[in-house]
Amino acid sequence: MIKEIFTSIFLLLGGFFMLLAGFGILRFPDVYTRMHAGTKSGTLGVSGALIALSLYFGDTEVTVRAMLPIIFTLITAPVAAHCISRSAFKSGVELSKNSVINEFEQDKKISTEE
Amino acid sequence: MNSNLFLANILLSLIWAFISGTLSLASILLGFVIGYVILFIIYGKEADYFRKVIHIFIFTFRFIWLLFLSNIEVAVEVLRIRPKSAPGIIAYPLHSTNPLEITLFANFISLTPGTLSVDISVDNKVLYIHALFANNPEKLKKDIEKQIEKPLNTIFN
Amino acid sequence: MISSSIVIFTIMVVLGIIFALIRLAIGPTLADRVVALDLITTQIVGIIAVYSIAISNSTYLIDAITITILSFLGTVTFAYYLGLGGKP
Chain A
0 MIKEIFTSIF LLLGGFFMLL AGFGILRFPD VYTRMHAGTK SGTLGVSGAL IALSLYFGDT
60 EVTVRAMLPI IFTLITAPVA AHCISRSAFK SGVELSKNSV INEFEQDKKI STEE
Chain B
0 MNSNLFLANI LLSLIWAFIS GTLSLASILL GFVIGYVILF IIYGKEADYF RKVIHIFIFT
60 FRFIWLLFLS NIEVAVEVLR IRPKSAPGII AYPLHSTNPL EITLFANFIS LTPGTLSVDI
120 SVDNKVLYIH ALFANNPEKL KKDIEKQIEK PLNTIFN
Chain C
0 MISSSIVIFT IMVVLGIIFA LIRLAIGPTL ADRVVALDLI TTQIVGIIAV YSIAISNSTY
60 LIDAITITIL SFLGTVTFAY YLGLGGKP
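Residue numbers (numbering that gives the first Met the number 0), protein chains in the order written: chain A, 0 to 113; chain B, 0 to 156; chain C, 0 to 87.
Here it is in structure tokens:
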């Protein structure tokens with residue numbers, strides 16, 4: 000019984016964050032803010048679903064196999080976000096209009112002048 | 000010294016798991032804790048391996064908590080009818096020169112509240128961070144230093 | 000209890016996939032589309048997890064691992080292409 004409750008809690012939490020990631024990716028104004036939603040909420044959502052799975056089976060082998068995608072996602076999601084945002088900036092994608100500060104652009108101008 | 004102690008600890012945990020007869024995750028973890036205590040009794044405070052393990056443990060839990068907090072922050076921002084985010088890119092001066100530490104730092108930055116690493120300067124001294132709330136860059140930099148860089152630094156030296 | 004939460008989870012994730020698909024269709028730049036695709040693969044891993052719970056069989060977990068690695072490779076390749084100055 001208590002196993003079912005915890006499984007359901009983790010499932011609902013994961014599903015909520017997945018929905019949120021989709022909604023955020025639709026709603027935020029530019030690539031960089033969209034990446035905030037995609038990376039963080041996506042990672043937590045998939046972790047919630049896989050933790051629910053390992054709780055449901057309660058088996059060492061399944062737990063280890065469920066931990067592997069979580070660890071891979073935790074390692075690869077920031078790297079992927081870093082790659083995309085960096086190359087997006089290089090290819091000239093601009094920040095949204097309500098951005099307040101851009102120290103990257105300033106530094107880049109200085110370094111190209113040299 | 001450190002890696003030797005780590006290997007000894009792993010070996011002790013495996014021996015514990017074999018002796019207790021069940022090769023499950025729980026028995027290996029319990030063996031790790033018992034081996035840690037035994038090695039601590041033998042070597043005491045000479046080696047800083049013990050301090051490091053505890054720091055890594057604390058940092059892991061703090062990281063999970065920060066990941067959860069960051070999702071709540073993004074959730075509130077997404078569901079707000081009139082978004083009040085003020086995104087921007089700030090330049091964060093790095094204090095460390097260790098490549099592994101910088102890599103880990105950039106990854107943790109990407110997963111903690113409101114920040115995302117964009118690029119690193121050519122001389123590996125400045126990390127460019129995209130923040131959701133960049134109203135007050137100085138305060139943001141101080142927060143990042145206190146929450147992530149200081150704990151990570153204690154692990155690495 | 001688990002069956003109802005499985006249904007709710009599936010509805011939420013499918014809604015999330017629909018949102019990401021809309022972004023994939025209208026995204027103004029290539030980077031937007033790559034972010035949306037990355038999110039869709041993450042959500043598919045979630046769907047696989049909940050399907051494994053629904054049929055009480057953990058065989059498909061291997062697919063989840065494979066999809067995670069492949070999606071990372073695809074994202075990095077797209078980012079490399081963008082960095083070389085590729086046009087959408």
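Idealized CB from N, CA, C, for every residue including glycine.
Residues that residue i bridges to, as DSSP identifies them
{"i": "B/F132", "result": "B/A85"}
{"i": "B/Y127", "result": "B/A90 and B/D118"}
Beta-carbon spacing of residue i, residue j below 8 angstroms
{"i": "A/L94", "j": "B/P86", "result": "yes"}
{"i": "B/N3", "j": "B/L38", "result": "no"}
{"i": "A/P77", "j": "C/T67", "result": "no"}
{"i": "A/S40", "j": "B/N70", "result": "yes"}
{"i": "C/V34", "j": "A/M17", "result": "no"}
{"i": "A/E3", "j": "C/I25", "result": "no"}
{"i": "B/I63", "j": "B/L139", "result": "no"}
{"i": "B/E76", "j": "B/L6", "result": "no"}
{"i": "C/L81", "j": "C/L36", "result": "no"}
{"i": "A/M43", "j": "C/R22", "result": "According to the sequence as given, residue 43 of chain A is Leu; it is not Met. It is not a contact, given that the beta carbons lie outside the stated cut-off."}
{"i": "B/P150", "j": "B/R61", "result": "yes"}
{"i": "C/I46", "j": "A/L52", "result": "no"}
Residue burial classification, residue i (beta-carbon count within 10 angstroms, cutoff 16)
{"i": "A/D29", "result": "buried"}
{"i": "B/H129", "result": "buried"}
{"i": "B/H94", "result": "exposed"}
{"i": "B/L28", "result": "exposed"}
{"i": "C/S3", "result": "exposed"}
{"i": "B/T96", "result": "exposed"}
{"i": "A/F143", "result": "Residue 143 of chain A is absent from the model: chain A starts at 0 and stops at 113."}
{"i": "C/S55", "result": "exposed"}
{"i": "C/I10", "result": "exposed"}
{"i": "B/R50", "result": "exposed"}
{"i": "A/V92", "result": "buried"}
{"i": "B/N106", "result": "buried"}
{"i": "A/G57", "result": "exposed"}
{"i": "B/D122", "result": "exposed"}
{"i": "A/E113", "result": "Unreliable placement is indicated for A/E113, whose pLDDT of 41 sits below 50; no coordinate value is reported for it."}
{"i": "A/A36", "result": "buried"}
{"i": "B/F155", "result": "exposed"}
{"i": "C/A63", "result": "buried"}
{"i": "A/A20", "result": "buried"}
{"i": "B/V160", "result": "In the structure as shown, chain B begins at 0 and stops at 156. Residue 160 of chain B is therefore absent and cannot be evaluated."}
{"i": "C/I61", "result": "exposed"}
{"i": "C/V6", "result": "exposed"}
{"i": "B/G43", "result": "exposed"}
Min CB distance residue i to chain F below 8 angstroms
{"i": "B/L29", "result": "In the displayed structure, chain F is absent; the protein chains listed are A, B and C."}
Check: At which residue ranges does the stretch 21-51 of chain A contain complete alpha helix (DSSP H) runs of 4 or more residues, listed in the order of the chain?
Finding: 30-35
Checklist line | Minimum length 4: unbroken alpha helix (DSSP H) runs contained in the stretch 23-66 of chain C | finding: 29-54
Next item on the list: Count the C-beta pairs between the stretch 60-80 of chain C and the stretch 35-48 of chain C that are closer than 8 angstroms, then say yes if the count reaches three, no if not.
Entry: yes
Notebook entry, point to check: Does the count of Cβ pairs from the stretch 46-58 of chain A and the stretch 81-94 of chain A closer than 8 angstroms reach three?
Noted result: Not touching, per the Cβ criterion.
Notebook entry, point to check: Along the chain, which unbroken stretches of the alpha helix (DSSP H) at least 4 residues long are found entirely within the stretch 47-83 of chain B?
Noted result: If you keep only unbroken alpha helix (DSSP H) runs of at least 4 residues inside the stretch 47-83 of chain B, you get 48-78.
Margin query: Quick check: the stretch 104-122 of chain B against the stretch 135-153 of chain B, are at least 3 beta-carbon pairs closer than 8 angstroms?
Written below: yes
Next item on the list: Could you pull out every unbroken beta strand (DSSP E) segment of at least 3 residues lying fully inside the stretch 94-121 of chain B, listed in chain order?
Entry: 114-119
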